[in-house]
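Comments concern the structure below.
Following this line, the structure appears as structure tokens:
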């Protein structure tokens with residue numbers, strides 16, 4: 001989510017009157033800022049800088065100094081930035097109060113930022129409907145600003161519609177609307193085209209559309225139900241399970257949900273588009289990694305940031321340390337309420353540079369997280385497109401990443417094993433799967449709840465506008481923004497592993513061991529269609545037809561359809 005801010009907010013009318021040339025020197029003298037005003041401006045710029053670099057402890061000190069200077073005066077920007085600080089610290093209720101107290105919602109150029117920030121806060125509170133209302137208001141106000149005649153440079157600089165569109169895309173993904181989200185991301189791509197997170201988000205739209213059945217793929221066997229065709233009548237009545245999702249093996253076109261038939265500009269989401277977006281994301285991530293290596297910031301060259309203070313809060317990388325900036329030294333106030341800062345320009349400059357260096361480390365680690373997600377998605381997409389060799393290559397690359405999480409190592413192992421089975425190499429697939437088997441037939445949990453929590457943490461700051469007017473969205477909490485629960489629980493993952501392990505034994509012809517592991521799978525994931533189908537196949541191969549029929553009847557996801565399938569051979 002993108003919080004927006006502007007240092008043009010001064011509590012006065014933003015539109016300055018036209019000044020005659022003869023009156024210009026006198027008017028400049030009248031409008032000259034006092035020393036206190038200049039000091040306040042400097043502190044506010046420092047606050048924005050420190051928020052951008054995620055140094056919340058230092059930002060809090062700067063905000064406190066700014067509020068001391070602004071005491072008794074009308075400086076809504078100080079309250080506005082303090083609201084952003086509280087948002088970054090997770091104090092969302094307090095952030096709302098400060099934002100509303102800043103009294104900036106009446107300014108036409110600022111109101112879109114005001115509503116956008118309210119939308120971000122309510123999104124973090126889990127109130128998606130309310131956040132959507134505020135994002136819509138922000139876009140409408142931006143539209144009014146663009147239509148103003150004559151056009152002014154100030155209005156153009158205050159137009160944040162592209163940044164707001166990105167937020168709308170995140171909101172739509174969280175609400176399960178992939179086509180609308182893709183439209184928003186397509187609009188935001190005018191400024192985010194060189195950010196890998198944008199391409200990863202569009203790929204997520206394609207994957208969500210596939211999951212909801214809104215698009216088809218070459219191999220789409222993960223439907224939530226099992227379709228059983230009824231063939232014949234009376235004592236000749238038989239049940240037929242289709243191999244694959246359709247007689248042609250090309251997937252089944254379900255059609256578009258009525259809520260998505262909005263206009264003719266609906267994005268053409270597909271697995272091919274997902275693959276292209278993921279390739280783009282990986283290219284940008286590799287380019288960023290090459291830049292880090294040239295600058296000496298690669299993980300292999302430096303494990304920890306240079307400074308060692310203890311209050312630089314960032315939930316994505318385990319609380320990196322905050323620089324000890326000059327403004328953190330206790331200060332004294334004079335009779336006017338202004339702050340007397342201790343001198344130390346060189347020390348302060350070095351500390352700000354340390355803050356930038358630490359932010360680069362944060363971005364580097366976030367890029368590593370994005371690369372794991374991109375490679376896992378790419379392996380899945382290649383499997384869906386029927387390209388097991390490419391899927392195997394992506395899965396191997398995922399497992400070779402340094403410091404890869406146990407969750408993504410598990411996904412890489414599953415995708416690699418499936419690709420090898422499709423390549424008719426079940427023995428090699430079994431070698432991959434053996435890493436989770438201890439003893440004779442004891443299956444370990446692939447990962448723990450703590451591993452899941454590392455990916456569900458809430459971000460501190462997702463980005464803000466830079467001096468050029470653009471933002472760099474962050475990917476700290478991929479799970480938090482697009483889907484409520486991104487990963488299987490450890491027990492569900494173990495069940496999925498057992499189902500795959502059973503399928504591998506079935507391919508090798510060892511149906512007794514396949515039966516043993518599929519029973520374990522059903523104890524962890526009793527409602528999984530894939531596990532049920534594996535168990536039915538193994539029962540049929542073992543000659544246990546009644547057991548297979550019993551499993552079909554007990555599973556709630558089975559639909560019995562009148563069919564015209566013809567049976568090849570007799571059984």
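In the UniProt record's numbering, the protein residues as written are 1 to 571. All C-beta atoms in this analysis are idealised placements derived from N, C-alpha and C, irrespective of residue type, glycine included. Treat the numbers as computed from the prediction; the structure is a model and nothing was measured.
Quick check: what's the CA-CA separation for residue 394 versus residue 412?
Here residue 394 is taken as the residue at index 394 of the chain shown, counted from 1. Here residue 412 is taken as the residue at index 412 of the chain shown, counted from 1. Between residue 394 and residue 412, the alpha-carbon positions lie close to 8 Å from each other.
Keeping to the same chain, check which residues put their C-beta closer than 7 Å to that of residue 189; ignore five residues upstream and five downstream.
Reading the chain shown from its first residue, position 189 is the one you call residue 189. The answer, listed in chain order, is 198.
If you check the beta carbons only, do residue 534 and residue 558 fall under 8 Å apart?
Against the chain shown, residue 534 aligns to sequence position 534. Against the chain shown, residue 558 aligns to sequence position 558. No. Outside cutoff.
Nearest-angstrom Cα distance between residue 373 and residue 408?
Locating residue 373 in the chain shown gives position 373, counting from the first residue. Locating residue 408 in the chain shown gives position 408, counting from the first residue. Here the alpha carbons of residue 408 and residue 373 stand approximately 8 Å from one another.
Assigned secondary structure, residue 267 (DSSP; H/G/I helix, E/B strand, else coil)
Looking up residue 267 in the chain shown gives position 267. Note: residue 267 maps to coil in three-state DSSP.
According to DSSP, simplified to helix, strand and coil, what is residue 442?
The count along the chain shown starts at 1 and reaches residue 442 at position 442. DSSP, read as helix, strand or coil, puts residue 442 in strand.
Give the DSSP-derived three-state secondary structure of residue 230 in the structure shown.
Walking along the chain shown from the start, residue 230 turns up at place 230. In the three-state reduction of the DSSP assignment, residue 230 falls in the strand class.
What separation, rounded to the nearest whole angstrom, lies between the Cα atoms of residue 43 and residue 163?
For the purposes of this step, residue 43 is taken as residue 43 along the chain shown, with counting starting at 1. For the purposes of this step, residue 163 is taken as residue 163 along the chain shown, with counting starting at 1. Distance between the alpha carbons of residue 43 and residue 163: 25 Å.
In its own chain, which residues sit with a C-beta less than 7 Å from the C-beta of residue 507, not counting the 5 before and 5 after it?
Along the chain shown, read from residue 1 onward, the residue named residue 507 stands at position 507. 421, 426.
Opening and closing residue of the alpha helix (DSSP H) in which residue 96 lies
Counted from its first residue, the chain shown places residue 96 at position 96. 92-101 is the extent of the alpha helix (DSSP H) around residue 96.
Residue 170: first and last residue of the uninterrupted alpha helix (DSSP H) it sits in:
Locating residue 170 in the chain shown gives position 170, counting from the first residue. Residues 161-174.
Taking buried to mean at least 16 other C-beta atoms within 10 Å of its own C-beta, is residue 359 buried or exposed?
Counted from its first residue, the chain shown places residue 359 at position 359. Per the 10 Å Cβ criterion, buried.
I need the straight-line Cα distance from residue 285 to residue 357, nearest angstrom please.
The residue you call residue 285 lines up with position 285 of the chain shown. The residue you call residue 357 lines up with position 357 of the chain shown. Cα to Cα, the separation comes out at about 19 Å.
Return helix, strand or coil for residue 494, following the three-state DSSP convention.
As a first step, residue 494 is located in the chain shown; it is residue number 494 there, counting from the start. Residue 494 falls in the helix class under three-state DSSP.
Own chain residues within Cβ distance below 7 Å of residue 575, not counting five before or after:
Residue 575 lies beyond the range of the chain shown here (1 to 571); nothing can be said about it.
In the DSSP assignment, find the unbroken alpha helix (DSSP H) run with residue 554 in it and report its ends.
Here residue 554 refers to the residue found at position 554 of the chain shown. For residue 554, the enclosing alpha helix (DSSP H) starts and ends at 545-554.
Rounded to whole angstroms, what is the Cα-Cα separation between residue 273 and residue 210?
Counting from 1 along the chain shown, the entry for residue 273 is found at position 273. Counting from 1 along the chain shown, the entry for residue 210 is found at position 210. If I take the Cα positions, the gap works out to 12 Å.
Quick one: give me the first and last residue of the alpha helix (DSSP H) that residue 512 is part of.
Translated into the one-based positions of the chain shown, residue 512 becomes position 512. Start and end: 511-524.
Note down, in chain order, each residue of its chain lying with its Cβ closer than 6 Å to the Cβ of residue 520, except the 5 sequence neighbours on either side.
Translated into positions along the chain shown, residue 520 becomes position 520. Residues of the same chain with a CB within less than 6 Å of the CB of residue 520, apart from the 5 flanking positions on each side, are 498 in chain order.
Quick check on the DSSP output: the alpha helix (DSSP H) that includes residue 399 runs from which residue to which?
Within the chain shown, the letter at position 399 stands for residue 399. Residues 388-400.
Apart from the five residues on each side of it in sequence, which residues of its chain come closer than 7 Å, Cβ to Cβ, to residue 446?
Indexing the chain shown from 1 puts residue 446 at position 446. Once the five neighbours on either side are set aside, the close Cβ partners of residue 446 are 406, 410, 436, 490, 493, 494, 497.
I'd like to confirm the pairing. Which residues does DSSP put opposite residue 628 in its beta bridges?
Residue 628 is absent from the model: the chain starts at 1 and stops at 571.
Which word fits residue 290, buried or exposed, when buried means at least 16 other C-beta atoms lie within 10 angstroms of its C-beta?
If you number the chain shown from 1, residue 290 lands on position 290. Counting Cβ neighbours within 10 Å, residue 290 comes out exposed, since fewer than 16 surround it.
For residue 288 and residue 453, I'd like the C-alpha separation in whole angstroms.
In the chain shown, the residue the question calls residue 288 occupies position 288. In the chain shown, the residue the question calls residue 453 occupies position 453. Straight-line Cα distance between these residues: approximately 27 Å.
Selected residue, minimal CA-CA separation from residue 280, among 366, 202, 72, 545
The sequence position of residue 280 within the chain shown is 280, counting from 1. The shortest Cα separation from residue 280 among 366, 202, 72, 545 belongs to 202.
How about residue 4 and residue 48: do their beta carbons lie closer than 8 Å?
The residue labelled residue 4 in the question sits at position 4 within the chain shown. The residue labelled residue 48 in the question sits at position 48 within the chain shown. Contact flag unset, no.
May I ask you to list the residues that DSSP assigns as paired with residue 279?
By 1-based counting over the chain shown, the position of residue 279 is 279. Residue 279 pairs with nothing; no bridge assigned.
Report the CB separation of residue 385 from residue 217 in whole angstroms; it is logged as a contact under 8 Å.
Working through the chain shown from its first residue, we reach residue 385 at position 385. Working through the chain shown from its first residue, we reach residue 217 at position 217. Residue 385 to residue 217, Cβ: 7 Å. Contact.
With residue 168 and residue 1 assumed to form a contact (beta carbons below 8 Å), what rounded beta-carbon distance in angstroms separates them?
If you number the chain shown from 1, residue 168 lands on position 168. If you number the chain shown from 1, residue 1 lands on position 1. 10 Å between Cβ atoms; not a contact.
How would you call residue 545, buried or exposed, if buried means at least 16 neighbouring beta carbons within 10 angstroms?
Here residue 545 is taken as the residue at index 545 of the chain shown, counted from 1. Here residue 545 is exposed: its Cβ has fewer than 16 other Cβ atoms, across all protein chains shown, within 10 Å.
Distance between beta carbons of residue 416 and residue 396, contact taken as under 8 Å
By 1-based counting over the chain shown, the position of residue 396 is 396. By 1-based counting over the chain shown, the position of residue 416 is 416. So it is a contact: roughly 6 Å between Cβ atoms.
From the DSSP secondary-structure annotation, give me the bridge partner or partners of residue 47.
By one-based count along the chain shown, residue 47 stands at place 47. Paired residue(s): none; residue 47 is not in a bridge.
Along the chain, where does the alpha helix (DSSP H) containing residue 414 start, and where does it finish?
Position 414 of the chain shown, counted from the first residue, corresponds to residue 414. Per DSSP, residue 414 is one residue of the alpha helix (DSSP H) stretching across 406-422.
Alpha carbon to alpha carbon, how far is residue 134 from residue 115?
Taking the chain shown and counting its residues from 1, one reaches residue 134 at position 134. Taking the chain shown and counting its residues from 1, one reaches residue 115 at position 115. Answer to the nearest angstrom: the Cα atoms are 5 Å apart.
Length of the line joining the Cα atoms of residue 343 and residue 86:
Mapped onto the chain shown, residue 343 falls at position 343. Mapped onto the chain shown, residue 86 falls at position 86. Annotation note: pLDDT 47 at residue 343 (below 50); position unreliable, no value reported.
Quick one: residues in its chain with C-beta nearer than 7 Å to the C-beta of residue 443, no 5 flanking neighbours on either side, listed in chain order?
The residue labelled residue 443 in the question sits at position 443 within the chain shown. Closer than 7 Å at the Cβ level, and outside the excluded window around residue 443, lie 436, 437, 494, 497, 498, 520.
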